[in-house]
Amino acid sequence: MSSEIKLIREDGRRLDGRLPDELRPIKIEVGVLKRADGSCYFELGKNKVIAAVYGPRELHPRHAQDARRAVVRFRYNMAPFSVEERRRPGPDRRSVEISKVSREALEPVIITEYYPRAAIDIFVEVLESDAGTRTAGINAASVALADAGIPMKGLVSAVAVGKIDGQIVLDLTSEEDQHGEMDMPVAMVTRTNTITLLQMDGRVTMEEFEKALDLAVAGCRRIYELQRKALIEKYSESRTEEIP
Amino acid sequence: MSSEIKLIREDGRRLDGRLPDELRPIKIEVGVLKRADGSCYFELGKNKVIAAVYGPRELHPRHAQDARRAVVRFRYNMAPFSVEERRRPGPDRRSVEISKVSREALEPVIITEYYPRAAIDIFVEVLESDAGTRTAGINAASVALADAGIPMKGLVSAVAVGKIDGQIVLDLTSEEDQHGEMDMPVAMVTRTNTITLLQMDGRVTMEEFEKALDLAVAGCRRIYELQRKALIEKYSESRTEEIP
Amino acid sequence: MSSEIKLIREDGRRLDGRLPDELRPIKIEVGVLKRADGSCYFELGKNKVIAAVYGPRELHPRHAQDARRAVVRFRYNMAPFSVEERRRPGPDRRSVEISKVSREALEPVIITEYYPRAAIDIFVEVLESDAGTRTAGINAASVALADAGIPMKGLVSAVAVGKIDGQIVLDLTSEEDQHGEMDMPVAMVTRTNTITLLQMDGRVTMEEFEKALDLAVAGCRRIYELQRKALIEKYSESRTEEIP
Amino acid sequence: MSEVLDEIRKDYLFNLVRKGRRIDGRAFKDFRELRVKTNVISKAEGSAWVELGQTEVLVGVKLQPGEPYPDTPDKGVMITNAELVPLASPTFEPGPPDENGIELARVVDRGIRESGAIDLEKLCIEEGEKVWIIFIDVHVLNHDGNLMDASALGAIASLMTAKIPCERYGLGDDEPLPVRDSPVSVTAVDIAGEILIDPNLYEESAASCRLTVISNADGSISAMQKGGIGGLSPEKTKDAVKMCVESAKEIRDKVLRGLKPT
Amino acid sequence: MSEVLDEIRKDYLFNLVRKGRRIDGRAFKDFRELRVKTNVISKAEGSAWVELGQTEVLVGVKLQPGEPYPDTPDKGVMITNAELVPLASPTFEPGPPDENGIELARVVDRGIRESGAIDLEKLCIEEGEKVWIIFIDVHVLNHDGNLMDASALGAIASLMTAKIPCERYGLGDDEPLPVRDSPVSVTAVDIAGEILIDPNLYEESAASCRLTVISNADGSISAMQKGGIGGLSPEKTKDAVKMCVESAKEIRDKVLRGLKPT
Amino acid sequence: MSEVLDEIRKDYLFNLVRKGRRIDGRAFKDFRELRVKTNVISKAEGSAWVELGQTEVLVGVKLQPGEPYPDTPDKGVMITNAELVPLASPTFEPGPPDENGIELARVVDRGIRESGAIDLEKLCIEEGEKVWIIFIDVHVLNHDGNLMDASALGAIASLMTAKIPCERYGLGDDEPLPVRDSPVSVTAVDIAGEILIDPNLYEESAASCRLTVISNADGSISAMQKGGIGGLSPEKTKDAVKMCVESAKEIRDKVLRGLKPT
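This is the structure:
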C-alpha cells in the first residue's frame, strides 16, 4: 500500500485541496423515491448513493421470521457503470461483506422489537463510486430509515479515516485509498456515543489507531449534523405543504 | 440485416421454391407423449418441436398460487443438438423471453378461472431448429392444450412474416431470416380475430408493417385449419377405438 | 486405461509392497467431532476422510418430509487441498454421483421407519485423497451412524477392487487406478451378506468380474472387523469414563 | 383483500376511460411529464437520468476494448442489461434478472440495434482481434409504470452523449460515439377498448394488453413487442402502432434533439 | 392417498412376480418392444430416437473442434449430458440436472468410454492444439422406466451413424466416426427376490434395487452401476450380471447390427 | 422453546461475567487450550490443524503457477476461501459460502495481506505472464466459537510451513514460502459490559458485539473487524484493541515461534 506518489502537498493540504481533517462536500436529499417507504440520496464528493427502505412488511418465507423482533435485511449493490471498469451485475464477495457489516452498523439503533415477524428491508444502490461508498450508504440508509418512520434510538453516521504519507486524515478519496497506508471505515451513533461499524486494513501502530478513531468520531459528528439538518428541512417543508 | 444474397429468384419464387405467401410443409401429430396430459408433435419445414401439457395440477410453492385462477407456466427449451453449433443446456435470455411472450400468446384463450390455485404447465422442446421455432412451439402448445382437455376460447395459431429483397413474405427460413430485413412473429386466435403475440425486429415503413400483418393473419388462418384437422382426426379415431 | 508401467513386481508384490489381496493400513477414530451427533475419522493409506451424522432431526422444507420414514441425505465433499491440483469448492458431477450411490449404500441398513418426517444427514469430508475416498467415506459414515445411535441392521463396509497388469487386486492406490484396467468399488453389509454399492468401470471378462467380487467381499469383511473393534473400544472406554 | 382493492381500482379506471378520462388527467395520447438529464455519472462514458412522471430510470453506457463475435469480426459489440433492483419497487426481488428484466433489456437492445442507430463498423479497432464493447446498463430506480419507454429513452440519450474513451486505452483522442439515428420507444395499452399512451403503474396493471413500438427519425419502425395476457384485433393493432409512431416524433423533438457529447 | 395406492400397486406386482408373471405379460428376461430410428435430426452429426415400450429418448451427437485436455493432448474429448426435461414426466422439474440426470449421463458415458468404442486417438486434429469434441446429449421425452438402457442405446446408435463434419470446418471430406465396439446397457431389478430385465416405471418404483451392466460385442463388461436403496447377495449379483450380458447380445443383434452413417 | 433456553443461558452467562467469571473457568483475557499441528495433509504445500478448545479448523495451502493480475504483473496472487461445511455445525448448510463464510475468508485474507507477511514480489515467475497463485483454504470441522482466530492462526501456520512446489512444475528446487511476519488474530466480545477474549460458542451467541484485531510481531495492527448487532464506545474500543494486541503476542510466542517448512 506504500507508494511514491505524494498525497499531501507542501502546504499541508491534500491533492484535492482539503485539510487533513476535512470532509468532501456532502449533499443529502430526503424522500427522493416515491415507491419506497423511506429514501435518501447522498453525495460525498464524487460518490453518489441512493438508499431505500421498505418496511416493516411481511417476511417470506415464514421460517425466516423472528417471533420476537423484525428481521433487518440490507443489500449493498453497485451499478455496473459506477466504477471505472464496467462491473458485472450481481453480488460479489465484497458487496456481501459490506452488506453484512452495514446491517450490523444500523441494526443497533432500530427498535426491532416493535415489529415481531416483520421485515425491514434496506437497499443501497451505488450510482457512482470514489472510495467511501459503504459509509455513504450507511449515512443514506440511516436517513432513509428515519424518513420511513422506523423507530430508532438515534441516527447512524459513518466516515472513513486513513493514513497517507504517514499522516492520519479524514475521508479518503479513491486515489488516497489506493496509494495510502491504511483505510478505516467507522460508523457511530452520536447520540449514544457507540461505534457500530469498525473495519480496518493497512498497517498502523496502536497510537495511530487511537488518533484515527478520534478523528473518525469527530467526522461522524459533523455528518450527523448534516443528516439532522436534511431531515428537519424535509419535515418542516412538508409540514407547510400538507397536513399529515 | 441487409445482404447481397438474392433471396427471391427471377420467377418470383424463393430459394426453396415457395411463393411469397406460401407456408413450409406442416406436419401435426396429436397425443404423442404418454406421460403428459396432452401433447403435440409439430413440424414446420425442418423445424421439429414437441409440446406437452401437464395440468391442471397442484401448484408448489403455495404462495405462488392464485386464489382466483390457474397459473399458466410456459417453458421453451432447445435441445443442445437442435442448432448448428451445440447449445449449452439450460435457459438463456432468448429462451426466457420466448417463454414469456409465448405464455402471453396462449393465456388469453385458456379459461383459467375454472381452476383456482392450480397450475397449467406447458413445455415446448425444440428438437430441430430452422427459424420459426417460437411460432411452431405456440402452434404445438395450442393443440396440446386442447389434447389435455383444458377449456379454451379458441385455438391459437402462429406464424412469422418477414421482409426479404424488399418484399413481404410468409414464414421465413433460417437463411431468409439471417439475410432478410425484418422478422415479425405473430400469433392469433382465429375464432375471436385477436392477435396475442406480436414481435418485430428489422426496419420497415408503416405500410410495410400493415401489409405484413395482413399476411400473418392469413397465414395463421391456414395453420388454424391444419390444427383443427389434426385434432378432429385424433378424436374421431379415438372415438372408434375406445369408448371414453 | 492400459499402460506401460509395471504395477506388479517380479516378486508378486505391488509397488507399495502389498500383496494382491492386501489392504492399505487403516486407522479408525470414533466420535472425533463434538457438534455432530456421531462422527468418525477414517484413514486408508493416504486417504483421510471424516464423517459426521446429524439426526434424526427436523426436516425443512416440509414438503420434503416423508410421512412414513426418515429421509436420509448424504453429502460427499472434497476439501480444495485434498488433491494434487487445487479443487474449486462446491459439488461437481462426480461428487453428486458419489453422494447418491453412497446414500444408496447406507440407506438399506438404516431403520428409517422409526423416525417418520425426520432427516438423517450424513456428511463426508475428504481431507486427503489417494483413490478410494468413496469407500473410505462409506466406512466412516457407517461408523458415524452407529456412533450417533441411529438404529441399524448392520454395519456397511466398503472397498474397491481392480485389475492391474492383468491381475485382480484389492484396494487400488491412485497410481494403480490411473494405470490399471479396471476399478470396482463395492460396499456390503457383512451381517446380511448384502451388496449395497457396486460400480465398475474398465473392461473385464465375466470370470474376472466374479473373482473381483469375491475379493471385494473378503476385503469388506476385514474392514468390518476393524469397524467393530473401533466401536467396541470407544464404547467400552466411555463406559468406564462416564455413566450414560 | 388487496385483490378486492385491485378489482375496485380496475373498475374505477375502466369507468374513467369510458368517459374519455385518465386517472391523472392526461389525454389518451399524452405522455406524463418527462425530464432527461444526461452526463450525470462521470465514471460512465454516457449516462442519462430519466424521469417519466414518477418513474425514474438511470442508464449508464460504458465502452471497453474486447473481442468481436467470430461472425462479425469487423464490428463493435453491444450488450444491454437491465436491473430491476429491489430499491425501485416493493415487488422487485434481489437476484438475477427475471423474465421482466430480460424482456426489458432485450426490447431496448432491439430498438437500438435494428434501427442501425449505432454504426458498429466504426467501432472496430483491429479486425477480428479488438473492437469496442458497448455496455448499456439500465438501472431502474422507481417503478411507476412504463419502464420500457423510460429505459429506451435513457439508452439512446446516453448513447447520443457518450464518448469513446480512446485516451484511457492509448488509442488516440476521445471521440463521440457514432450515433446515426434516434429510435424512440412508445408504449400503448388497451383499457376498456381504448388505446392509452404511456401507462402509469395503475393503468399498466389494469390493462389487458400492452404494445411497445420503437420507431426512428424517418418514421420507420424497428421493433415491436406485445405484452400482457390479452390481445388486440388486427385493426386496433394498426391504430395503436400509428399512435405510437406519432407520439415518438414528439418525444424525439422535445427530448433528444441536439443531444451530443459535451 | 397416493402412498396407499403405491402400496397396493406394489403388493400387486409382488404377487404377480411370485407367480412368475409381469404386469405387461413379459417374461422376466424380456425387453419391452424396442424401436431405434437413426438420423432423425439433420442438424446433429448423429441422432437416434429410441422407443422402449412407452419410454422415449432422443439422443443427438454433435462434433466440434476444440482444445484437448492437457493430460491427453492427442485424443479427442467426449462429453455426455442428459436432460430430464419436465415434458417427459410429471416428476421432472426444470433446472440443471439433479442426481438422477447426472448419474444417467455418467453411466452412459462410462459404458462408451471404458469399452473403448470410440477411437479417441483418431479424433486428434493437431496434437495439443485442436481435437474433435464429441457432445452426446440425451434428451428424455417420455419416462416410462429404464431410462438408462434407452439412453445408452440411443448414444451408441447415434455414434455408430455419426459423421465427422470435416467439411464444415475446412478439414477435408466428412468421415464416419471411428466406432470399434458396440456397448449395450442392460438393467435388471430385484422384485420379490426375482431378477427382472428392463423394468417399466411401475416395476422400477416397486423394486428394491437396480443393477445396470454395460457389456461389449466380445461379452466383456465395461461398466456397472447399482442403484436403489436395497441390495443383493454376491451370488444373486453374479446371476444378474450374467442375465444382463446375455440380454445385451440379443439387443445388439436386433438393433445395432449394420448401423453406419448414411 | 429454544428461545426461552437461549434467554436463560444468556442470563446465566451475564450473571457469571458480572461476578468476574466465565462458563469454562477461564479469565477474561485467556484463550482456550490451543493446539496447532502442521503438515497434516501431504497433498497440500502447507497445512495446519488447529484446535481451539473444541473448535477445530483445518487449513490447507496450495501453490500453482498462474497469471498475475493486470495491475500487479510482478506479484504473486493470494486467494483465500473458507468453507463452513455442514459437518461442522447443525446450523451450517450446504451451498456456496454465505455472508459468515465470506466475512471469515476476507478478514483472514486481509490480516495476512495487509501485514505484508507474504513477500508477493518474490512469487513472480515471469513478469506479466506467470506468478505463483497461493490458495489458502479454510475448512471448518467443528464450530464451537471463534472461528476467526482459529482460521487466521491456521492460515499463517500453514503459510509459515509451506514450500513452493517448484520441482513439480519444472522450476528448480522447492523453496520455503517467503514469509516475513506473523499476523495473529485475536477476537474479543462484549458481554455485560466486560471484554472477553476468545469467546466460545455460548459466549459468542450471548455477546452484543465482537471485535477482531489482527496484529503483527512488532505490535502494529493490520486488520480490524467489528461484528454483531451491538456497539462499543470509543474508549472501550481502544481498551479492547489493546487487550487483543497483548494477547496476540502470547499466542505468537506459544504457537508460531520457530515454525518453518520441514
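Chains as they are written, first to last, in my numbering: chain A, 4 to 247; chain B, 4 to 247; chain C, 4 to 247; chain D, 322 to 583; chain E, 322 to 583; chain F, 322 to 583. All residues carry an ideal CB built from backbone N, CA and C; glycine is no exception.
When you check each C-beta in the region 391-415 of chain D against every C-beta of chain A, which residues fall closer than 7 Å? 402, 404, 406, 407, 408, 409, 410, 411, 415
How is the alpha helix (DSSP H) around residue 434/E delimited, first residue to last? In the fifth sequence, the residue the question calls residue 434/E occupies position 113. Here the alpha helix (DSSP H) through residue 434/E covers 420-436.
Bridge partners of residue 383/E, per DSSP? Numbered from its first residue, the fifth sequence carries residue 383/E at position 62. Answer is 456/E, bridged to residue 383/E.
Given this structure, state the Cα-to-Cα distance separating residue 508/E from residue 534/E, to the nearest angstrom. Counting from 1 along the fifth sequence, the entry for residue 508/E is found at position 187. Counting from 1 along the fifth sequence, the entry for residue 534/E is found at position 213. Taking the straight line joining both Cα atoms gives about 6 Å.
What span of residues does the alpha helix (DSSP H) with residue 97/B cover, start to end? If you number the second sequence from 1, residue 97/B lands on position 94. Element bounds for residue 97/B: 96-109.
Pull up the distance between the alpha-carbon of residue 578/F and that of residue 483/F, whole angstroms please. Walking along the sixth sequence from the start, residue 578/F turns up at place 257. Walking along the sixth sequence from the start, residue 483/F turns up at place 162. The straight-line gap from Cα to Cα measures roughly 15 Å.
Where does residue 161/A sit, in a helix, a strand or coil, going by DSSP? As a position in the first sequence, residue 161/A is number 158, starting the count at 1. Looking at residue 161/A - three-state DSSP - the assignment turns out to be strand.
Own chain residues within Cβ distance below 7 Å of residue 322/D, not counting five before or after: Within the fourth sequence, numbered from 1, the residue matching residue 322/D stands at position 1. Reliability fails at residue 322/D, whose pLDDT of 45 lies under 50, so the model's placement of it is uncertain and the value that follows must be treated cautiously. Answer for residue 322/D: no residue qualifies.
Using only CA atoms, which one of 193/C, 232/C, 181/C, 190/C lies nearest to residue 392/E? Walking along the fifth sequence from the start, residue 392/E turns up at place 71. Taking only the C-alpha atoms, the option nearest residue 392/E is 181/C.
Given a threshold of 16 other Cβ atoms within 10 Å of its Cβ, counted over all protein chains shown, does residue 468/E qualify as buried or as exposed? Here residue 468/E corresponds to residue number 147 of the fifth sequence, with the count starting at 1. When all chains shown are included, residue 468/E counts as buried.
The region 529-549 of chain F in contact with the region 366-375 of chain F per 3-pair CB rule at 8 Å: no
Report yes if the CB atom of residue 380/E is closer than 8 Å to the CB atom of residue 479/E, and no otherwise. Stepping through the fifth sequence from its first residue, residue 380/E is reached at position 59. Stepping through the fifth sequence from its first residue, residue 479/E is reached at position 158. In this structure, residue 479/E lies closer than 8 Å to residue 380/E by Cβ.
Ignore the nearest five residues each way along the sequence and tell me which others in residue 413/F's own chain have a CB closer than 6 Å to its CB. Locating residue 413/F in the sixth sequence gives position 92, where the first residue counts as 1. Answer for residue 413/F: 405, 407, listed in chain order.
Grab me the residues of residue 276/D's own chain with a C-beta within less than 6 Å of its C-beta, minus the 5 sequence neighbours each way, in chain order. Since the displayed chain D opens at 322 and closes at 583, residue 276/D lies outside it and no answer follows.
To the nearest angstrom, report how far apart residue 518/F and residue 159/A are at their CA atoms. Numbered from its first residue, the sixth sequence carries residue 518/F at position 197. Numbered from its first residue, the first sequence carries residue 159/A at position 156. In a straight line, the C-alpha of residue 518/F is about 27 Å away from that of residue 159/A.
Going by DSSP, what residues sit across from residue 3/C in a beta bridge? Chain C is shown only over 4 to 247; residue 3/C falls outside these bounds and no answer can be derived.
Compare the C-beta of residue 472/D with all C-beta atoms of chain A and state if any pair is closer than 8 Å. Reading the fourth sequence from its first residue, position 151 is the one you call residue 472/D. No, no contact with chain A.
Measuring only between beta-carbons, confirm whether residue 463/D sits less than 8 Å from chain A. For the purposes of this step, residue 463/D is taken as the residue at position 142 of the fourth sequence. So, interface residue.
Report yes or no: do the region 138-158 of chain C and the region 112-120 of chain C share at least 3 C-beta pairs separated by less than 8 Å? yes
Run down chain D in chain order and give the residues with a C-beta less than 9 Å from the C-beta of residue 84/B. Taking the second sequence and counting its residues from 1, the one referred to as residue 84/B is at position 81. What residue 84/B touches in chain D: nothing, since even the nearest Cβ is about 20 Å away.
Exposed or buried, residue 386/F, counting other C-beta atoms within 10 Å across all chains shown (16 or more means buried)? For the purposes of this step, residue 386/F is taken as the residue at position 65 of the sixth sequence. Buried, because 16 or more other Cβ atoms sit within 10 Å of the Cβ of residue 386/F.
To which residues of the same chain is residue 95/B closer than 8 Å at the C-beta, ignoring the five residues directly before and after it? Sequence index remark: in the second sequence, residue 95/B carries index 92 (1-based). Nothing meets the Cβ criterion.
Below 8 Å between beta carbons: does that hold for residue 544/D and residue 397/D? What you label residue 544/D is simply residue 223 of the fourth sequence in a count that begins at 1. What you label residue 397/D is simply residue 76 of the fourth sequence in a count that begins at 1. Cβ atoms of residue 544/D and residue 397/D: not closer than 8 Å.
Taking CB distances under 8 Å as the criterion, tell me whether residue 49/A reaches chain F. In the first sequence, counting from the first residue as 1, residue 49/A sits at position 46. Residue 49/A does not count as touching chain F.
Report the start-end ranges of each beta strand (DSSP E) in the region 477-505 of chain E that is 3 residues or longer and not cut off at the edges. none
Look up residue 212/A in the DSSP assignment and give the residues it is bridged to. Position 209 of the first sequence, counting from 1, holds the residue named residue 212/A. None, per the DSSP bridge assignment.
Is residue 551/E close to chain C, meaning its C-beta is less than 8 Å from at least one C-beta of that chain? The sequence position of residue 551/E within the fifth sequence is 230, counting from 1. Output row for residue 551/E: interface = yes.
Does residue 61/A come out as helix, strand or coil in the three-state DSSP assignment? Counted from its first residue, the first sequence places residue 61/A at position 58. In this structure, residue 61/A counts as strand in the three-state DSSP scheme.
Starting from residue 402/D, follow the alpha helix (DSSP H) in both directions and report where the run begins and ends. Within the fourth sequence, the letter at position 81 stands for residue 402/D. Segment 398-404 is the beta strand (DSSP E) holding residue 402/D; no alpha helix (DSSP H) there.
Measure from the alpha carbon of residue 325/F to the alpha carbon of each residue in 133/A, 211/A, 71/A, 125/A, then state which is nearest. As a working note, residue 325/F is residue 4 in the sixth sequence. Selected option, being the one with the closest Cα: 71/A.
CB contact below 8 Å: residue 39/A versus chain D: By one-based count along the first sequence, residue 39/A stands at place 36. For residue 39/A, the answer is yes, since a Cβ of chain D falls inside 8 Å of its Cβ.
Does the separation of the CB atoms of residue 424/F and residue 107/A fall below 8 Å? The residue given as residue 424/F occupies position 103 in the sixth sequence. The residue given as residue 107/A occupies position 104 in the first sequence. Going by C-beta atoms, residue 424/F is not nearer than 8 Å to residue 107/A.
Interface flag, residue 503/E vs chain C, CB-CB below 8 Å: As a position in the fifth sequence, residue 503/E is number 182, starting the count at 1. By this cut-off, residue 503/E is not an interface position.
To the nearest angstrom, report how far apart residue 32/A and residue 202/A are at their CA atoms. In the first sequence, counting from the first residue as 1, residue 32/A sits at position 29. In the first sequence, counting from the first residue as 1, residue 202/A sits at position 199. Rounded to the nearest angstrom, the two C-alpha atoms are 27 Å apart.
With contact counted as at least three CB pairs below 8 Å, one residue from each stretch, are the region 31-45 of chain B and the region 443-455 of chain E in contact? no
Is any heavy atom in the ligand HEM found nearer than 7 Å to the beta carbon of residue 531/F? Ligands in the displayed structure: none, and consequently the ligand HEM is not present.
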